[in-house]
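So the sequences go chain by chain: A and B.
Heads up: the first sequence at position 309 corresponds to 1168 in the numbering used here, and the numbers run straight through without jumps.
Heads up: the second sequence at position 175 corresponds to 256 in the numbering used here, and the numbers run straight through without jumps.
Note that beta-carbon positions come from the ideal geometry of N, C-alpha and C, so glycine has one too.
Since we're looking at a predicted model, the values are computed, not measured.
As structure tokens, the structure follows; a few thoughts come after it.
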Amino acid sequence: MADILVWAADTEQAFELLAKAREFAPQLQGHVVALALGDAAGRAQDFVKHGADRVLTAQHDLLKGLQVEPHTDALHQAIQAVKPSLVLVGLSIRAKDVAGRVGTRLEVGVGSDMFNLRLEGGRVVGERMYFSGNSILTEKLLKDPQIVIVPPRVYEAQAADASRQGKVEPFNVSLKPPKAKVVQSIVKKAEGVHLEQADVIVSVGRGVKKKEDIAMIDQLAKVLDGAVGCTRPIAADLKWLGDEHWIGLSGHEVKPKAYIGLGVSGQIQHVAGMRGSKLIIAINKDEEAPLVKISDYAIVDDLYKVVPALTKEVQKIRGG
Amino acid sequence: MKVAALVKQVVDVDQIKADREGNLQLDNLPFKISNYDKNAVEAAVQLKEKNPGTEVIAVATGPNIRDGVKEVLAMGCDRAVVLNSKEFAGSDNLATSRVLAKMIQKAGGVDLVICGEGSLDSYTGLMGPRLAERLGAWPISSFTIKVEYANNALKATSNLGGVLETLEMPLPAIVTVSEEINQPRLPPLIQILQAGKKPVQELKLADLGLGPNDVGAAGSGNQVVSNRAPKMARKNVRLKGSPEEAAAQLAQALRKEGVI
Chain A
860 MADILVWAAD
870 TEQAFELLAK
880 AREFAPQLQG
890 HVVALALGDA
900 AGRAQDFVKH
910 GADRVLTAQH
920 DLLKGLQVEP
930 HTDALHQAIQ
940 AVKPSLVLVG
950 LSIRAKDVAG
960 RVGTRLEVGV
970 GSDMFNLRLE
980 GGRVVGERMY
990 FSGNSILTEK
1000 LLKDPQIVIV
1010 PPRVYEAQAA
1020 DASRQGKVEP
1030 FNVSLKPPKA
1040 KVVQSIVKKA
1050 EGVHLEQADV
1060 IVSVGRGVKK
1070 KEDIAMIDQL
1080 AKVLDGAVGC
1090 TRPIAADLKW
1100 LGDEHWIGLS
1110 GHEVKPKAYI
1120 GLGVSGQIQH
1130 VAGMRGSKLI
1140 IAINKDEEAP
1150 LVKISDYAIV
1160 DDLYKVVPAL
1170 TKEVQKIRGG
Chain B
82 MKVAALVKQV
92 VDVDQIKADR
102 EGNLQLDNLP
112 FKISNYDKNA
122 VEAAVQLKEK
132 NPGTEVIAVA
142 TGPNIRDGVK
152 EVLAMGCDRA
162 VVLNSKEFAG
172 SDNLATSRVL
182 AKMIQKAGGV
192 DLVICGEGSL
202 DSYTGLMGPR
212 LAERLGAWPI
222 SSFTIKVEYA
232 NNALKATSNL
242 GGVLETLEMP
252 LPAIVTVSEE
262 INQPRLPPLI
272 QILQAGKKPV
282 QELKLADLGL
292 GPNDVGAAGS
302 GNQVVSNRAP
312 KMARKNVRLK
322 GSPEEAAAQL
332 AQALRKEGVI
């Protein structure tokens, strides 16, 4: 018996991981156990419907939001109780801290931001980006529990199955007040952009010279019924677009039908957020840009000439 | 206050090439200080400038770190503690955290550790939380974009994707920083020249109470199966001609692919 424990602060992410856990469960001959902490505890039945055999629920004042120290204790205690062979954790900045702390308490390796997970003789083998996206590192986890952090949208959640049966069990956690206290939490204004839902994303990179030029890109996005995304420098350094447009490790992870990078070089932080796109299109003057090399279609030319022409051509097709 | 800034020397990732089979050609590549670590050093030096009496210690590793550490000493670190160990190569973040925790303890009385959000080569983002645990359940702020110190407490703000969260933490604590936190300074020549005179303490594994089994492949939790150039199953079609011609081909391709 080698159980799989699944924890993600975001329930959608948890459902994605439950789908992968179900796939692994027969090979490990174990059960799929979901850990539902804080508000998620109220949705225990949803975890069952999405693939959990057991759901451990814990509600506590300190488990509201995602405070690293109490969540570390809770995950650690759940691992001690369940003794899983594999722990799947949904990636977020705070969840990574939780997984890293728990892995250190247990003196085990942690797989970070992994995709293409598979099992070889009960051991997890996964891939992750390395050398700033210049290589793919394949790693095998050697010790139990094998803790693997999985980015959102790597796996697809199964549809909820109301006929699935599972046990919901309250789990007693012993928590102490954290040393790090949240003193301020500001929700940044979003303009109603939902990149994750967009079928087409037109993405702005450093090849775009000034903020005013984004109007031209908005136009292209509009004729494509798409959304505008961007790289880290455009959102974080130049602040030409809000964080809701930011694609990448610290931003949104997207999988549109088509991703069109305009003057996007293809740094690791960005590619990690869009590598799952069905079609990748690169428009860039520099043919050495990594994005050009991983594209389905590339135009190596001046985006300022290509974008208006492309807008016109798409309009022609849409109009006809 | 004693601040340790963690510094890792990495291969210059922009110069990595692969052969046709996808094997990486890593021989004879130059090394550099991981870019996020310079943000960490800058954050530490800025805290020193605002809080007199603060000492900044670079805790540094890398194949040629004795030389490499001069750059961060020139940026304003007061001294450095560096690792001299052949066995250290091939350590994963579990094994590395064992070494760094001991080095930080050797540095003496450190109450704040600042490191990058990740390293330029491996970028797991796990070193901060691992050290937080090893150093005795210290509080942590990760991917920090702003840090202030007042009244014996740190205020650290992170961008959690749509939410700006500020944590208040007592010392000792650990902070990992994002690029947005600052612009690392370029030290003037005089400081570069003086950097060579700053104290650098070189430590071996035995000085840290560690043995060969604590590091490298033997001390790691993860085993590297392979490290190869990305193989993306993509079409790799180059659309040629004038911008107008290429755009027309792309529009037709998007139509065929069912995008429009």
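Under 8 Å from the C-beta of residue i: neighbouring residues of chain B
i                         : result
serine 944 of chain A     : Correct list: empty, because the minimum Cβ distance to chain B is about 14 Å.
leucine 1169 of chain A   : Ala328, Leu331, Ala332
aspartate 1160 of chain A : Pro324, Ala327
Interface flag, residue i vs chain A, CB-CB below 8 Å
i                            : result
phenylalanine 224 of chain B : yes
tyrosine 204 of chain B      : yes
glutamate 246 of chain B     : yes
lysine 316 of chain B        : yes
asparagine 240 of chain B    : yes
isoleucine 195 of chain B    : no
lysine 228 of chain B        : For clarity, residue 228 of chain B is valine in the given sequence; the question names lysine instead. Closer than 8 Å: no.
alanine 310 of chain B       : yes
arginine 215 of chain B      : yes
isoleucine 341 of chain B    : yes
valine 140 of chain B        : no
methionine 156 of chain B    : no
glycine 102 of chain B       : According to the sequence provided, residue 102 of chain B is glutamate. The question's glycine does not apply to it. With 8 Å as the cut-off, glutamate 102 of chain B does not count as an interface residue toward chain A.
valine 94 of chain B         : yes
glutamate 261 of chain B     : yes
serine 115 of chain B        : no
Residues near residue i in its chain [Cβ-Cβ closer than 6 Å; skip 5 each side]
i                         : result
glutamine 1078 of chain A : Thr1170
aspartate 1003 of chain A : Ser944
aspartate 862 of chain A  : Gly889, His890, Val892, Val941, Pro943
valine 1067 of chain A    : Gly1122
Contact list for residue i against chain A, beta-carbon separation under 9 Å
i                      : result
proline 144 of chain B : Here the premise fails: no neighbours, minimum Cβ distance about 15 Å.
Chain B contact for residue i (CB, 8 Å cutoff)
i                            : result
phenylalanine 974 of chain A : no
valine 927 of chain A        : yes
glycine 1034 of chain A      : Note that residue 1034 of chain A is leucine in the sequence shown here, rather than glycine. It does not; no Cβ of chain B falls within 8 Å.
serine 994 of chain A        : yes
phenylalanine 883 of chain A : no
alanine 1095 of chain A      : yes
glutamine 1043 of chain A    : yes
isoleucine 1153 of chain A   : yes
alanine 873 of chain A       : no
glycine 1178 of chain A      : no
glutamate 1103 of chain A    : yes
Chain-ordered neighbours of residue i on chain B, where CB pairs are closer than 9 Å
i                         : result
glutamate 1028 of chain A : What glutamate 1028 of chain A touches in chain B: nothing, since even the nearest Cβ is about 28 Å away.
lysine 1081 of chain A    : Per Cβ cutoff of 9 Å: no residues; lysine 1081 of chain A is ~12 Å from chain B at best.
leucine 978 of chain A    : Per Cβ cutoff of 9 Å: no residues; leucine 978 of chain A is ~13 Å from chain B at best.
arginine 953 of chain A   : Ser223, Ser239, Leu241, Glu246
glycine 1107 of chain A   : Here the premise fails: no neighbours, minimum Cβ distance about 10 Å.
Interface partners of residue i on chain A, CB under 7 Å
i                        : result
glutamine 304 of chain B : Glu998, Lys999, Leu1001
Beta-carbon contacts of residue i that lie in its chain and below 7 Å, excluding the five residues immediately before and after
i                        : result
alanine 182 of chain B   : Leu212, Arg215, Leu216
alanine 276 of chain B   : Lys151, Leu154, Ala155
valine 137 of chain B    : Val84, Ala86, Ala125, Val126, Lys129, Gly157, Cys158, Asp159
serine 239 of chain B    : Ser222, Ser223, Phe224, Thr225, Ile226, Glu246
threonine 135 of chain B : Met82, Val84, Leu128, Lys129
alanine 937 of chain A   : Leu864, Leu894, Leu915, Phe1030
glutamate 260 of chain B : Tyr117, Asn120
Proximal chain A residues relative to residue i, where beta-carbon distance stays under 8 Å
i                         : result
arginine 211 of chain B   : Gly959, Arg960, Gly962, Thr963
methionine 250 of chain B : Lys1038, Ala1039, Lys1040
proline 133 of chain B    : In chain order: nothing, as chain A lies at least about 26 Å away.
Per-residue contacts from residue i into chain B (C-beta, under 7 Å)
i                          : result
isoleucine 1139 of chain A : Arg315
glutamate 1172 of chain A  : Ala328, Ala329, Ala332
glycine 968 of chain A     : Asp173, Leu175, Ser301, Gly302, Asn303
Assigned exposure category for residue i - 16 Cβ within 10 Å defines buried
i                          : result
glutamate 283 of chain B   : exposed
alanine 141 of chain B     : buried
histidine 1104 of chain A  : buried
isoleucine 1045 of chain A : exposed
lysine 1035 of chain A     : exposed
proline 178 of chain B     : Correcting the residue identity first, residue 178 of chain B is serine in this sequence and not proline. By the 10 Å Cβ count, serine 178 of chain B comes out buried.
glutamine 1128 of chain A  : buried
lysine 955 of chain A      : buried
Residues near residue i in its chain [Cβ-Cβ closer than 8 Å; skip 5 each side]
i                         : result
aspartate 118 of chain B  : Ala86, Leu87, Val88, Lys89, Val153, Cys196, Gly197, Ser200
glutamate 1028 of chain A : Arg913, Val914, Leu915, Thr916
aspartate 93 of chain B   : Leu110, Pro111, Phe112, Lys113
Proximal residues, the segment 1113 to 1137 of chain A versus chain B, C-beta separation under 7 Å = Lys1116, Ala1117, Ile1127
Closer than 7 Å, Cβ to any Cβ of chain A: which residues of the segment 319 to 335 of chain B, in chain order?
-> Arg319, Leu320, Pro324, Glu325, Ala327, Ala328, Ala329, Leu331, Ala332, Ala334, Leu335
Got a sec: which bits of the segment 171 to 184 of chain B sit with their beta carbon under 7 Å from any beta carbon on chain A, in order along the chain?
-> Asp173, Leu175, Ser178
At a Cβ cut of 9 Å, what residues of the segment 880 to 912 of chain A count as close to chain B, listed as they run along the chain?
-> none
Using Cβ-Cβ distances below 7 Å, what residues of the segment 1058 to 1073 of chain A are close to chain B?
-> Val1059
Using a Cβ cut-off of 9 Å, which residues of the segment 263 to 289 of chain B contact any Cβ in chain A, in chain order?
-> none
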